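Residue numbers (our numbering), protein chains in the order written: chain A, 82 to 454; chain B, 82 to 454; chain C, 82 to 454.
C-beta: ideal position from N, C-alpha, C; glycine also.
None of the values given here were measured: they were computed from a predicted structure.
To keep things clear, I will list the structure first and then write my remarks on it.
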């Protein structure tokens, strides 16, 4: 049995199945892709005050992201330089002035410098300056924190802007949503039993929308035809729909600064390797992916709103949350169905992208290029 | 310590210990033995109607076994040819006419042909005939469904009949039990913490019967002497015993068509790689093994009866079930005790088969031959 | 980021991080270190009577330790020589005269000789003497049972005494505590999420004491200064402290036979590879380590007292237990904090030992030497 006669297909193929489950390939991705690129790890407004910190996992490393006394956010490997103890163990918290190791009390400034180490004051040979925390490149875009474990990474904008330009032809559309000024109204964390690339591939096509997303397809008719990136820059809402809620209505005004064409329009785009942005008139949804293993992915989904609207009495984000949470769960189920067959002999050479999905292959080629690099 | 002085033994040896726990050997077995031979995966009467299906796991593949509109049972890899989604996710169920993928709605006939794929009607280059479900060889014997993942497997009978002929010298004895006409009166699924081969080896010898199976040994005296295959074709019940129940009695008549010599007789045999058949006058017990990992095995045990007897008011299979369930659990405990030492240095070269067990070595050699092949 | 500028340090370094998490290195340690050295597995007074036994895990082997009719403790691989079944399955128990396999009833004497095997009486070719249980070297020191899986290990004293002599310069101090005469008043088993070597390294230094152990440092002032092995043979209690309890007091008299200088003194030492001994005036605390995996270690901690004192009405060990249990838990937390970063790129070359910790490097070199051997 099992003679694969599909090699004659004229269509692009996905990556071979092993790319979606093989632990060795996962390790290579962690090292060469997530361990080198700028990767989004959270939001800058999660640590508003000096001394506020996050601990995040990136490519196998625990990274401490902390706002300094000067207001600048910096990142360091969360590792004491003495005997290697983990310094901060909570997902987020606040330190007052210094980061002190609990094992032998070596202490570091918020800028990473070694401030003191007991019993070493009189040891001439000890070079305190050489024993500060090891820095990790840290930058921000649209209110998001991005880290790079690369030795000398290029500027963050060099990674993000070309993707926006390819998608929109300009930077102005995204700019009108002033992402850095928005605030989180609600957040949901999902754990998916699938490889992270299946989630990216799912987000990039709408061939499945008519089948998997009846509510979304009613709200955005071009999705029903499977058109995602092919119908122009934005996708227009159906007649009478003003918001991506189950009712199609909302009491929230459009975000400040939007243009006429943004009303009644949905824009979605991917910031590789791990962010999806969904722009709608009254709110923005940002997905952030964290690969947890070859067949396990965490997705943190934030619903963002105008802080002025959030401050109004009676503000309730749940109509927006209910809609995209439904769409999310529909997608996760499909991603997990695919994962189950990634090790099948039927998928050794991968599957097909039909013409409506052909653009996804560029993402696969991007991954291959990173792995070779 | 630990000088093994037993190398001078004149006895046959088991396989070296690593064959019972090494993940690499397990993978080879999955690929070369369970991935090539005909393997029993269930019963044909579990899917009596067109559209009824089973999903079964075989050598790492999910296989969809479905009865067609023509009544023929066919098997396919349970993998959509488009993006690889798992098609049917329940262990068993019914589809009405077509198998449709939930991701992008590609749909397949019960014979595996691709019936339709959205948005591809006008794509000339798309060869629909080349994108049917990938077939898996499927056949039946004695009411059991057997699959083979081999490219071009020999007929099922070529695998099964030589084993029966070696055991019985003819096919008639087994034939008298008309296995395909019997029905399941009760079924128990066991999960054992041991390698599947220990279960086969346990079934093949009765040297342990006097120690491990006092009830069975009372009912079948030759077992108490450790004689399994060595005492002639069948093993006679003790004086006054008419059925393998705890009381030795039963209200069930003998199965229709049995010969005089079958009454008061137990016949056991193995259909490699994964079926044990136990023929008794009024019922048949069939064990089916599913290796789940190097040290984990599922055993599905079915108690089969004459459907005419089952239809009678007051039919109760539990006297038969209680007996062999007790024997089963006694065996599983022994198999698991052995498993615990398979990685010991004491078992690096394997253990011994005493003369009463010497025939088991043929099974070990069969496994080695499959692994080489 | 992440340029390690610490290579210029004049300090000794720990082992590279991989030594604390790599499964391959763990396997090598199990084979070459724990599989060859004398390793402590428990206490001899746990099996006081002939026929009493322990089953213990050592370097992947289940070992049966049993007291013979002659009162001698012997050890054997817990493996039936026939088909490999585990013989004794309880952690401890009693057998009456013979050890019988439950599978086929082969039976062995308490001295390991094969006493009988069913159906083999008349098999001339079977050499019963060659099929006794495989012996494991077994000896005792200070009431502790030690095993060696080595083929022909040196005497136990050759492994233990040099360590005591290096630490004390003589054997008399330890001898005064008559360890073999003491009895267990309380025992706690801990499971730590860290490599066993981190636990050894933690025990060997007191640089962390001031930070991690405020109670201990108050009781033993030299510990507050980080002095463990550097302040002379024993560490003196603070003024007014007579026992290592939270109050510093106790109703227990000193152990019989101690010298004047032992009162108010704490002596700690390591018996590699897996025992820590803590001598205090009125009780002794013994830690025994069992590596369970690359990042998992069991520690069994026994509090030992004079049996005559234990026999007195109202004996209560819990003041002593509370103190060292607190110290233990403080230590385990630090060991686990270190474990979390052992795979970090910041620890690829290991961490530093400051001068107060420099002596630990000898332990690391001992491990490396074992791995090479």
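If you count every other CB in all the chains shown that lies within 10 Å of the CB of residue i, and 16 or more means buried, which is it?
i, result
"residue 395 (chain B)", "exposed"
"residue 429 (chain B)", "exposed"
"residue 328 (chain B)", "exposed"
"residue 397 (chain B)", "exposed"
"residue 449 (chain A)", "exposed"
"residue 236 (chain C)", "exposed"
"residue 376 (chain B)", "buried"
"residue 116 (chain C)", "buried"
"residue 336 (chain C)", "buried"
"residue 332 (chain C)", "exposed"
"residue 153 (chain B)", "exposed"
With 7 Å as the threshold, decide whether the Cβ of residue i is near any Cβ in chain C.
i, result
"residue 165 (chain A)", "yes"
"residue 288 (chain B)", "yes"
"residue 432 (chain B)", "yes"
"residue 256 (chain B)", "no"
Could you pull out every residue in the same chain whose Cβ sits closer than 6 Å to the Cβ of residue i, ignoring the five residues on either side in sequence?
i, result
"residue 339 (chain B)", "257"
"residue 186 (chain A)", "199"
"residue 95 (chain C)", "431 and 432"
"residue 209 (chain B)", "195"
"residue 220 (chain A)", "227 and 237"
"residue 348 (chain B)", "315 and 360"
"residue 366 (chain B)", "359, 384 and 405"
"residue 439 (chain A)", "93"
"residue 234 (chain C)", "218"
By Cβ distance, which residues of its chain are closer than 8 Å to residue i, with the 5 residues on each side in sequence left out?
i, result
"residue 270 (chain C)", "379, 380, 381 and 382"
"residue 399 (chain A)", "267"
"residue 319 (chain B)", "299, 300, 301, 302 and 329"
"residue 447 (chain A)", "353"
"residue 126 (chain A)", "224, 264 and 265"
"residue 129 (chain C)", "148"
"residue 106 (chain C)", "99, 100, 375 and 452"
With 7 Å set as the bound, which would you pick, yes or no: does the beta-carbon of residue i sit closer than that to a beta-carbon of chain A?
i, result
"residue 292 (chain C)", "yes"
"residue 174 (chain C)", "no"
"residue 158 (chain B)", "yes"
"residue 215 (chain B)", "yes"
I'd like to know whether the C-beta of residue i is nearer than 7 Å to at least one C-beta of chain B.
i, result
"residue 437 (chain A)", "yes"
"residue 184 (chain C)", "yes"
"residue 237 (chain C)", "no"
"residue 226 (chain C)", "no"
"residue 266 (chain A)", "no"
Grab me the residues of residue i's own chain with a C-beta within less than 7 Å of its C-beta, minus the 5 sequence neighbours each way, in chain order.
i, result
"residue 201 (chain B)", "207"
"residue 391 (chain B)", "264 and 266"
CB of residue i to nearest heavy atom of the ligand FMN: below 6 Å?
i, result
"residue 242 (chain B)", "As far as ligands go, the structure on display features none, and thus does not contain the ligand FMN."
Original post:
Is the segment 302-311 of chain A in contact with the segment 414-426 of chain A, if contact means three or more CB pairs nearer than 8 Å?
Top reply: no
Original post:
Mind listing which residues of the segment 126-145 of chain A have their C-beta closer than 8 Å to chain C's C-betas, in chain order?
Top reply: 141, 142 and 143
Original post:
Taking any Cβ of chain C, which residues in the segment 186-209 of chain A have a Cβ under 8 Å from it, in chain order?
Top reply: 186, 198, 199, 200, 201, 204, 206, 207 and 208
**OP:** Examine the Cβ distances between the segment 112-122 of chain C and the segment 187-203 of chain C and report whether three or more of them are shorter than 8 Å.
**Re:** no
Original post:
Taking Cβ-Cβ distances below 9 Å as the criterion, which residues of the segment 358-376 of chain C are in contact with chain B?
Top reply: none
Original post:
Counting Cβ pairs closer than 8 Å, one from the segment 158-168 of chain A and one from the segment 413-421 of chain C, do we hit at least three?
Top reply: yes
Subject >> Residues, ordered as in the chain, of the segment 414-429 of chain A that lie near chain B by beta-carbon distance below 7 Å >> reply: 415, 418, 419, 421, 422, 423, 424, 425, 426, 427 and 428
Subject >> Inter-stretch contact at 8 Å, needing at least 3 Cβ pairs: the segment 168-178 of chain B / the segment 271-283 of chain A >> reply: no
**OP:** Examine the Cβ distances between the segment 137-147 of chain C and the segment 244-259 of chain C and report whether three or more of them are shorter than 8 Å.
**Re:** no
**OP:** Identify each residue in the segment 86-110 of chain A for which the Cβ-Cβ distance to at least one residue of chain C is less than 7 Å, and report them in chain order.
**Re:** none
**OP:** Please confirm if the segment 145-160 of chain A is in contact with the segment 402-410 of chain C, defined as three or more CB-CB distances below 8 Å between the two stretches.
**Re:** no
Original post:
Which of the residues in the segment 319-344 of chain B, read from start to end, lie with their CB under 7 Å from any CB of chain C?
Top reply: none
Original post:
Residues in the segment 386-411 of chain A with C-beta within 8 Å of chain B's C-beta atoms, listed in sequence order?
Top reply: none
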